[in-house]
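Chains as they are written, first to last, in the working numbering: chain V, 3 to 245; chain Y, 692 to 1143.
All C-beta atoms, glycine included, are put in the ideal place defined by N, C-alpha and C.
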Amino acid sequence: MSRLELIGPQGLRNDGRRVQELRKINCKPSVLSQADGSAYIEQGNTKCLAAVYGPREARTKAQVLHNRANINVEISLAPFCMSERKKRSKSDKRILEIASAVKQTFETIIKTELFARSQIDIYLQILQFDGGTIQICINAATLALIDAGIPMVDYVCACSAGCIDDEPVLDLNYVEESHDTPELTVALLPKTGKITLLQMESRLHVDKFQSVMEMATVGCKKIYNILDDVVRENVKNLLEKKK
Amino acid sequence: MPPTLISPSENDYILRGVDANIRADGRGRLDYRQVILETGLITQASGSARCRLGEGTDVLVGVKVELGAIELDGVEEDVAEIKAKRGRVICNVECSPIASQQFAGRGADDFNIELTQMLDRVLNGPQSGLDLEKLCIIPGQQCWIVYIDAIVLDYAGNLLDTIFMTTRAALYNTKVPKTIIQDIGDGEIVFDISDDVEGWERIEGWDKVPVAITLNKIGSRHIVDATPLEELTTEAKLLVTVNKNGKVCGLQKSGGGSIDPSLLNEMVQTGRSLGQSLIKSLDEMVRREENDINLKQSRRERADNGKNGSLYSKRHHSPPPMRAHHQPVMKFNADMWMQDFKQNVMEKLFKEERFKAFQKKRRGLENVMDVSDDEDWQEQQKITPVIASSQYLIQSVVQNEWENYQSSPFSQYQLWLQEQQLLYAAQQYQQTVITKNLPPEWFQYRESTNNE
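Structure below.
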């Protein structure tokens, strides 16, 4: 069986990127009218909308935490987001797993102790899917939380990196993901460099780990710069409008 | 989050506004918000469209065309015969929790099913206009299945109309692959899907797909394109689905209140005419967008029309558009409103005047004890059609009307107008008379001065 060549002879990948290149990121905060904070982000062909509601009174008594706010994450996938149509129920295990990963990431970063006995809802809607679900979910949620004005320790930026033919590769797309490439997803706080999330689902040689990890870290920093620019731009626009 | 409760004062404000034909956002009763329609945003779908109403309601529809088997299990024979030759349309509407807090968890399930059923009923019946037989590949075995998935991204009232509009545009955007059918003998047929993307075709009959107009009855009037607050004030809703020929394809009344038969007829007529003009402007929008893309392609520029499949490109979303790439579907017309208003005032004054005259007359005729003028007046109004059968009374009523009319401010105004005209005419006449009676020397003098 012939394997699809993921990196061409000129060192270009199947979507025309170089090894250490990110996909084009396009993002915009405050896109929805009803939510307290919202953001739209696309990385290449993966597109995601995030909405944040709260902090507000918890819906059920069981969810009340007496010393901090409860964070609730819900992810939904559009039926047409993959190449084949598939309707997913909200209790799909894969989606629930990602949701819990996102929840755990933000529990430590949001200053939840400021809002005891309340609830913060993060809703994510993936509109189009081309690899990198967790990373886009985290990036979108970060932007939406900033837009909602919820106090956080720092940005959280996530990025994936993999290893194809012994070469570390940044930001895998769906084709690369589905060819058994070891994929490492990292989420970190860009200012301190602390890692809050680390996930890998296939095997990778220990010797390679360092270089792949470094590549992912560089990717996260790049994403941080892009998000930061967008946030600053947005605030500037808001100020101008106020004048 | 859209409100779920409305205060009595807000309720009253909306009610009076609707009565005076001016709503909170400056629209008239039958004005739509600005519609922004975009197509081809989801590259993984066979066709897609997104529609925004004003800065609120936002619906994204993705259409996927996939191969599927024709299912004939457990179907009656005569139905199976028709089914064997047809493709299928499957609809699904989902309200995402990002649109509203109410849709979180399982909160939207009932609402989703309701919306899905409405869309399904219209698109799967013969009134949808879609040529399902063209979607059949091998009768009894293989067909194309058209999956229509709508996602509600933002909610600010009038959801159903938006879903229908977006679906129509998405179907326009959808291309079905061509199939090459081969008969290899023994009654076996195989088919191949053509690689030629340029040769892919639209689903036949997309243009006959109806749109829906929701009419909300508020007070004794009805409005279209209601905002969430107006939806809460609504007593009864009527959904009218109309196709481009102006044929009504479906009606559904919902909501707690009731609709008068006479008002119902009026509402259906309004829905019909509005739907037709809406379809016209929607078609123009999608065509214009396609022309733009074709033009760019022919100039070998980037074919994505500058938006690059992005849902919130700078071009469309920041800052809120002063003017999108088309005019509002229906515009608030100040002149028309003023005219309407004036007429209303005139009518009211006229009525009041008549009432006063009536009272005067009664006082003259009846004894002093009679103080219930008001009630009598209303009763008289009720009885009038009964008495009207008598010839004599009809005459007297007509005469009364005429007298009342003459004493009404309207006729006074008319009289005054006539008087003014006569006066003006008299002045004109006088002037001519004066010039005629001038001594001839005067004219001579003027001529001589001119000559010099």
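Chain-order list of chain Y residues neighbouring residue 84 of chain V: 735, by C-beta distance under 9 Å. For residue 78 of chain V, the nearest beta carbon of chain Y is closer than 7 Å to its own beta carbon. Taking 7 Å as the CB threshold, residue 727 of chain Y stays off the interface with chain V. Excluding sequence positions up to five before and after residue 14 of chain V, its CB lies within less than 7 Å of the CB of 20, all in the same chain and listed in chain order. Not flagged as an interface residue toward chain Y: residue 157 of chain V, since no C-beta distance is shorter than 7 Å.
Nearest neighbour of residue 78 of chain V by Cα position, chosen from V:52, V:66 and V:154, turns out to be V:52. Below the 8 Å Cβ cutoff, chain V contributes 36, 55 and 123 as neighbours of residue 792 of chain Y, in chain order.
A straight-line Cα-Cα distance of about 34 Å links residue 81 of chain V and residue 167 of chain V. One thing to note: residue 226 of chain V has its Cβ no nearer than 7 Å to the Cβ of residue 125 of chain V.
At a cut-off of 7 Å between beta carbons, residue 753 of chain Y contacts chain V. Counting the other CB atoms within 10 Å of its CB gives residue 796 of chain Y a total below 16, which places it among the exposed residues. Less than 7 Å separates the beta-carbon of residue 896 of chain Y from that of residue 822 of chain Y. In this structure, residue 213 of chain V lies away from residue 185 of chain V, with their beta-carbon atoms at least 7 Å apart. Residue range 120-130 is occupied by the beta strand (DSSP E) that includes residue 123 of chain V. Contact annotation for residue 731 of chain Y against chain V: no contact, minimum CB-CB distance about 12 Å [criterion: below 7 Å]. Bridge pairing for residue 913 of chain Y: Y:908 [DSSP]. Counting along the chain, the unbroken alpha helix (DSSP H) around residue 988 of chain Y starts and ends at 952-989. Taking C-beta separations shorter than 6 Å and ignoring five residues to either side along the sequence, the partners of residue 148 of chain V in its chain run 233, following chain order.
Residue 747 of chain Y reaches chain V at 35 and 36, counting residues in chain order whose Cβ is nearer than 9 Å.
The contact set of residue 704 of chain Y on chain V, defined by CB atoms closer than 8 Å, is empty, because the minimum CB distance reaches about 21 Å.
Residues of chain V whose Cβ lies closer than 8 Å to the Cβ of residue 847 of chain Y are, in chain order, 35 and 36.
783, 787, 788, 789, 790, 791, 792 and 795: these are the residues of the segment 783-808 of chain Y whose beta carbon lies less than 7 Å from some beta carbon of chain V, given in chain order. Secondary structure note for residue 222 of chain V: its alpha helix (DSSP H) is the uninterrupted segment 208-244. Remark: C-beta atoms of residue 929 of chain Y and residue 958 of chain Y approach each other more closely than 7 Å. Here the C-alpha atom of residue 1109 of chain Y lies approximately 51 Å from the C-alpha atom of residue 852 of chain Y. Excluding residues up to 5 positions away in sequence, nothing lies with its Cβ nearer than 7 Å to the Cβ of residue 699 of chain Y in the same chain. Between residue 732 of chain Y and residue 739 of chain Y, the C-beta gap is smaller than 7 Å, which places the two residues in contact. The Cβ atoms of residue 899 of chain Y and residue 962 of chain Y lie no closer than 7 Å to each other.
With fewer than 16 other beta carbons inside 10 angstroms of its own, residue 936 of chain Y counts as exposed. Taking 7 Å as the cut-off, the beta carbon of residue 902 of chain Y is found closer than this to the beta carbon of residue 969 of chain Y. Residues of chain V whose Cβ lies closer than 8 Å to the Cβ of residue 842 of chain Y are, in chain order, 80, 127 and 129. Distances from the CA of residue 761 of chain Y to each of Y:914, Y:837 and Y:714 were compared; the closest alpha carbon is that of Y:837. Annotated three-state conformation of residue 55 of chain V is strand, per DSSP. The DSSP-derived three-state label of residue 1038 of chain Y is helix.
For residue 757 of chain Y, the neighbours in chain V by C-beta distance under 8 Å run, in chain order, 86 and 87.
For a cut-off of 8 Å, the C-beta gap from residue 206 of chain V to residue 188 of chain V is around 13 Å, too long to register as a contact.
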